Amino acid sequence: MSTLVERQQVRARKAATERQGGGMSSAEGWRRRLPLLPALIFTLIVTQVPFLFTIWYSLQNWNLLRPEGNQFVGLGNYVDIFSDSTFRGAALNSVLFTLACVFFAMLLGIIFALLLDRSFAGRGVVRTLLITPFLIMPVASSLLWSISILNPSYGLLNWVIGLVGIPPVDWTSQHPIVSILMALVWQWTPFMMLLVLSGLQAQSKDVLEAAQVDGAGWWRTFISVTLPQLRRYIELGILLGAIYVVNTFDQIYLMTAGGPGTASANLPFYIYQRAFLGFDIGQAAAMGVVVVIATIIVATLALRLIFKSFDVKD
Amino acid sequence: MRKPDRRFNSGPILTTVTWVLALIFFSPVLWMVLTSFKQESAAASDPPVFFFAPTLDQYRAVLGSGAGSYFANSAIATGVSTILVILLAVPASYALSIRPVKKTSDVLFFFISTRMLPVVAVIMPIYVIAGQLKVLDNVWTLVVLYTSMNLPIAVWMMRSFFLEVPGEVLEAAQMDGAGLMKTLWRVLMPMVAPGLAATALICVIFAWNEFFFALILTAGQSATVPVFLVSQMTSEGLFLAQLSAASVLASLPVVIAGWVAQKQLVRGLSMGAVK
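Here is the structure:
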């Protein structure tokens, strides 16, 4: 089925060619662009103008705690960043949180989706139970995990591992990264599961039956038929999951406050600390700019890879 | 719906495994709900208490502690920003799908790239500008920011829903002599209504749960539900049962909406992009 776009494009091109022998009249161009402008202008003002200020701040030596005010220091803040081992640690944690969370959430999501892609008693209820962590307010789930589940003296997890004789663990201070990852993976697994599930249900039944007729076992069918068909769904899950997970703030702020020390700080949390607890506006702004540049590089590569999945036409 | 696998009778075992895994995965939520019906002494006990006389005391305490204004602020910030997002995203995504402008993919990429930028990179200027405009601790500041936060995703989602509309429909409308506005309102909107619902639901979820902007830009006047939850924890020491009750109340609107609209949620999350 051809889409609206293709038909409209063809018709518009024909009309334009007939009217003036090629090229689109500027009136027609503006008529097309007009509905786009409010959203575009709004987004430009609210997101790009503050970022220009961030770049300006990043060139200043501006600490609210120091009375001499702000001075222009050029790229000084940027030089400092690269000798700041806490920044490197936070950058590493950002990468680690994102990769590990997306990987484990996707793995669990695929397992849950496969289990749900059968008809059985209570399927609707099970699906409802499994998507709930995604709907719980992240602030609530961070508090729930750090206080109710991972608390060293009365937490549920220590009670459970105590049943099999493992001594209690002070999760958030001894294993801060694992603790945060538990809460993050728990929150993001339903998202991956829902995506993979919609992929499984879009799968053509003929191909599956053909594979069975050919005598392919369950595992073989999964690896060579199901998984390739799920590729776009998995890619999309990884991309969207990574966009959100890389900006994780709530869990770190509420579960470990980046600690102990700065062991579990990621970049958003560290920049927040520099700006709103250290009042070091210049430094924080420079870090923000570096993060944005890194994000753009990574995101461009990722989007170019996945763009084909979205089938964007010019 | 798929027929069950006929080759080997794995049904009952797999079903049991599924149920057990689902209950384990859900147990933190169950634990939160159970704790919210306990007295404080039973909430923080070792070993944990599973059988107790349920009480509504914690819910009364939360509702009596002025939670109402926080919920009102969250409702305004979420509701108004979602409406604004839809009003801006529908024409924009229409322009990007049915009447494509030059460089469509560049514009789309620009939108999504704003969503990828770390919020911390722009929070300081936003704080300073809001201070100079005297709109710190003002719920309308959150409305503007939540609109810009959700707009890119909404444009992408709505565009993919518009793309699914078959060309014949538009041709028929044109033959009937319907103008642009009439076509958009009477013909296209009913067809993309489920997609619109999915888009709105996603915007509601992200706006209702947003914490970072609210933490930095609001105080007593315009603080939202996530800020209220955190204040429950820090201001008066730790009341686990009461905190659980507050968490249940805070999560409830989105949880119920998500449960009711599971199908739309899937389409929304996949941005309608994978078909």
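Read top to bottom, the protein sequences are chains A and B. Using the working numbering, you'd call the opening residue of the first sequence number 57 and step up by one each time. Using the working numbering, you'd call the opening residue of the second sequence number -10 and step up by one each time. Think of the CB as a built atom: it goes at the ideal place given N, C-alpha and C, for glycine as much as any other residue. Please read all numbers here as calculations on a predicted model, not as lab measurements.
Any Cβ of chain B closer than 9 Å to the Cβ of PRO284 of chain A would place that residue at the interface, and such an atom is absent. Scanning its chain for C-beta atoms nearer than 6 Å, with the 5 sequence neighbours on each side dropped, one finds around VAL193 of chain B the residues THR67, THR71, in chain order. In the DSSP assignment, ASN117 of chain A is bridged to A:GLN127. Scanning A:THR351, A:LEU131, A:VAL195, A:PHE332 for the CA closest to the CA of ILE112 of chain B turns up A:PHE332. In the assembly as shown, ALA182 of chain B is an exposed residue. Its beta-carbon has fewer than 16 other beta-carbons within 10 Å. Interface with chain A (9 Å Cβ-Cβ cutoff): MET21 of chain B is included. MET170 of chain B and GLY85 of chain A have their C-alpha atoms some 18 Å from each other. Residue environment analysis places LEU148 of chain A among the exposed positions, since fewer than 16 neighbouring C-beta atoms fall within 10 angstroms of its C-beta. When DSSP states are grouped into helix, strand and coil, PRO316 of chain A belongs to the coil group.
What TYR83 of chain B touches in chain A, judged by beta-carbon distance under 7 Å, is PRO91, going in chain order. Unbroken beta strand (DSSP E) runs of no fewer than 3 residues, entirely contained in the segment 228 to 275 of chain A, are not found. Approximately 6 Å separates the beta-carbon atoms of ASN139 of chain B and PHE195 of chain B; this is inside 8 Å, confirming the contact.
One alpha carbon belongs to ALA177 of chain A, the other to VAL38 of chain B, and they sit about 30 Å apart.
Of the residues assessed, PRO1 of chain B falls on the exposed side of the cut-off, its CB having fewer than 16 other CB atoms within 10 angstroms. A Cβ-Cβ separation of about 5 Å places PHE305 of chain A in contact with PHE201 of chain B under the 8 Å criterion. Looking at the DSSP output, ASP140 of chain A shares a beta bridge with no other residue. Residue environment for ILE245 of chain B: exposed (fewer than 16 other C-beta atoms within 10 angstroms of its C-beta).
Cβ atoms of PRO232 of chain A and ALA319 of chain A come within 8 Å of each other, at about 6 Å. Taking C-beta separations shorter than 7 Å and ignoring five residues to either side along the sequence, the partners of THR228 of chain A in its chain run SER202, LEU206, SER235, MET311, THR312, following chain order.
ARG144 of chain A counts as exposed, since fewer than 16 other C-beta atoms from the protein chains shown sit within 10 angstroms of its C-beta. If you check the CB distance, VAL348 of chain A and ALA239 of chain B do not come in under 9 Å. Segment contact: the segment 88 to 103 of chain A against the segment 74 to 88 of chain B, three or more CB-CB distances shorter than 8 Å; contact assigned. Nearest to LEU106 of chain B by C-alpha distance, out of A:GLY271, A:GLY334, A:PHE335, A:LEU323, is A:LEU323. At a Cβ-Cβ threshold of 9 Å, THR213 of chain B and GLU199 of chain B count as neighbours.
Judged by their CB atoms, THR103 of chain B and THR99 of chain A are nearer to each other than the 9 Å cut-off. Contact between the segment 29 to 47 of chain B and the segment 225 to 234 of chain B is present: 3 or more CB-CB pairs across the two stretches fall below 8 Å.
Around GLN28 of chain B, the same chain offers PHE41, THR44, ASP46, ALA230 as residues with beta carbons nearer than 8 Å, after the five sequence neighbours per side are excluded. Taking 9 Å as the cut-off, the beta carbon of GLN329 of chain A is found no closer than this to the beta carbon of LEU240 of chain A. Around the Cβ of ALA161 of chain B, a 10 Å sphere holds fewer than 16 other Cβ atoms; the residue is exposed. Where VAL6 of chain B is concerned, the enclosing alpha helix (DSSP H) starts and stops at 0 to 25.
A direct Cα-to-Cα measurement between ILE192 of chain A and LEU186 of chain A gives close to 12 Å. Straight-line measurement puts the Cα of LEU292 of chain A at about 38 Å from the Cα of GLY57 of chain B. About 12 Å separates the beta carbons of VAL219 of chain B and THR207 of chain B, which is beyond the 8 Å limit, so they are not a contact pair.
Annotated three-state conformation of ASP46 of chain B is helix, per DSSP. Here VAL9 of chain B is exposed: its Cβ has fewer than 16 other Cβ atoms, across all protein chains shown, within 10 Å.
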